[in-house]
Amino acid sequence: MFSMKPCLTAGNVWIKETNFLKDYFVRNLSTTGTMRHIQMMTRLRVVDNSALGKQAMLEGKPPKCIHVYNKTGIGTIGDKVMVAIKGQKKRGYIVGVKQLQKHMVPRFDTNNLVLVDDSGSPLGTRIHSPLPALLRGKALKGDFAKIVAIATRFV
6 MFSMKPCLTA GNVWIKETNF LKDYFVRNLS TTGTMRHIQM MTRLRVVDNS ALGKQAMLEG
66 KPPKCIHVYN KTGIGTIGDK VMVAIKGQKK RGYIVGVKQL QKHMVPRFDT NNLVLVDDSG
126 SPLGTRIHSP LPALLRGKAL KGDFAKIVAI ATRFV
């Protein structure tokens, strides 16, 4: 952290010299928890086999969240979101998040999304990623019944 270099103005006197930029970045660079929340402009990964989702993911232009349908504006598993994908506005449900979860709720490597149409039925016919088992309980309410029906794996 400190280096001893001779000072030319003071002869052969050794002085302490700090590397200000290194100290600044070591102390002040941090990743906060808010970086993992799903909020406006968060990129999501489409995990169903809908044509729109496949095409967007293959082109390297994943959908971005433009609205979260809850009071806080921060999405988690089971929340409904509106996304901008390929120049269109589509609705979807969050089925996996990176953020820390409660006990016995799985944490995923990516923020996963299943696209649905206006009536609530999924645009795809299969889901490639495992779904959290807690969505089965929400399926009883009716929001996730069609999504849970096409899912093959649960964690």
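Sequential numbering from 6 applies to the sequence shown in my numbering. Even glycine gets a Cβ: it sits at the ideal position worked out from N, Cα and C.
With contact defined as three or more Cβ pairs closer than 8 Å, the stretch 71-79 and the stretch 132-142 are not in contact. For Ala89, DSSP records a beta bridge to Lys69 and Lys94. Annotated three-state conformation of Ile82 is coil, per DSSP.
One Cα belongs to Ala154, the other to Phe113, and the distance between them is close to 21 Å. Around the beta-carbon of Asn117, 16 or more other beta-carbon atoms lie within 10 Å, marking it buried. Between the alpha carbons of Lys103 and Asp148 lies a distance of about 22 Å.
Within the model, the alpha-carbon separation for Ala156 versus Gly101 is close to 13 Å. Assigned with DSSP and collapsed to three states, Gly129 falls in coil, not helix or strand.
In this chain, Val52 is not harboured by any alpha helix (DSSP H), its DSSP state being neither H nor E. Gly147 carries a coil assignment under DSSP once its states are collapsed to helix, strand and coil.
Sorting Asp84, Gly97 and Met46 by C-alpha distance to the C-alpha of Gly58 places Gly97 at the top.
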